[in-house]
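Peer 1: Mind having a look at this structure? Questions to follow.
In the numbering used here, the protein residues as written are 609 to 760.
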């Protein structure tokens with residue numbers, strides 16, 4: 609892609625199209641990675657979004673007493689979504705492997721997927737620690753990063 613960038617800079621008429629194509633590629637990559645992550649962990653991150661939305665109207669200590677966001681429901685959801693997390697991560701990778709035919713593209717997309725997932729997971733962990741004191745995600749974000757590091 610670097611040679612295309614140099615060509616686009618050398619020929620001004622191509623520069624605009626190169627930047628448009630780059631922006632479209634980036635948008636498609638973000639959408640694709642979000643779909644891969646949400647396919648396996650949608651319920652978990654939707655719960656985090658609900659908690660985040662609730663924080664606009666109530667203080668963090670009142671979130672666990674809100675209908676649909678109780679401690680018991682949070683524990684049940686976390687246990688359900690994160691039991692066998694290795695299988696879910698492996699499933700994400702295998703799904704990408706089936707859908708991406710380019711051997712050059714897969715590693716960069718997988719790295720971006722790992723980074724995005726870990727960012728979301730760390731944000732969820734911080735959010736749950738803020739609202740549900742004494743509750744932790746198992747595995748923690750550090751353990752999850754280690755899991756990704758050891759897998760692929």
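Each residue gets a CB set at the ideal place from its N, CA and C atoms; glycine is no exception.
Treat the numbers as computed from the prediction; the structure is a model and nothing was measured.
What number of angstroms, rounded off, separates the C-alpha of residue 593 from the C-alpha of residue 611?
Peer 2: No answer is possible for residue 593: it lies beyond the span of the chain, which begins at 609 and ends at 760.
Peer 1: Please report the distance separating the alpha-carbon of residue 653 from that of residue 709.
Peer 2: 28 Å
Peer 1: Identify every run of the beta strand (DSSP E) within the segment 687–730, keeping only runs that are complete inside it and at least 3 residues long; order them along the chain.
Peer 2: none
Peer 1: How is the alpha helix (DSSP H) around residue 749 delimited, first residue to last?
Peer 2: 749–759 is the extent of the alpha helix (DSSP H) around residue 749.
Peer 1: Which word fits residue 645, buried or exposed, when buried means at least 16 other C-beta atoms lie within 10 angstroms of its C-beta?
Peer 2: buried
Peer 1: Note the first and the last residue of the continuous alpha helix (DSSP H) segment covering residue 623.
Peer 2: For residue 623, the uninterrupted alpha helix (DSSP H) segment begins and ends at 620–662.
Peer 1: Where does residue 611 fall in DSSP's three states?
Peer 2: helix
Peer 1: For my contact list, residue 733 and residue 749 are in at a C-beta cut-off of 8 Å; report their separation, rounded to the angstrom.
Peer 2: 5 Å
Peer 1: Count the other CB atoms within 10 Å of the CB of residue 761; is the residue buried (16 or more) or exposed (fewer)?
Peer 2: The structure shown does not extend to residue 761, since the chain is modelled only from 609 through 760, so no value can be given for it.
Peer 1: Three or more C-beta pairs closer than 8 Å, one from the segment 740–755 and one from the segment 685–695: is that the case here?
Peer 2: yes
Peer 1: Tell me which residues share the same chain as residue 659 and place their Cβ nearer than 7 Å to its Cβ, disregarding the 5 neighbours each side in the sequence.
Peer 2: By the criterion of a C-beta distance shorter than 7 Å, residue 659 is surrounded in its chain by 671, 677, 735, 739, once the five residues flanking it on both sides are discounted.
Peer 1: Would you mind working out which of 713, 720, 682 sits nearest residue 657, comparing C-alpha positions?
Peer 2: Ranked by how close their Cα comes to the Cα of residue 657, the residues 713, 720, 682 have 682 in first place.
Peer 1: Go ahead and pull the three-state DSSP assignment for residue 680.
Peer 2: Reduced to three states, the DSSP call for residue 680 is helix.
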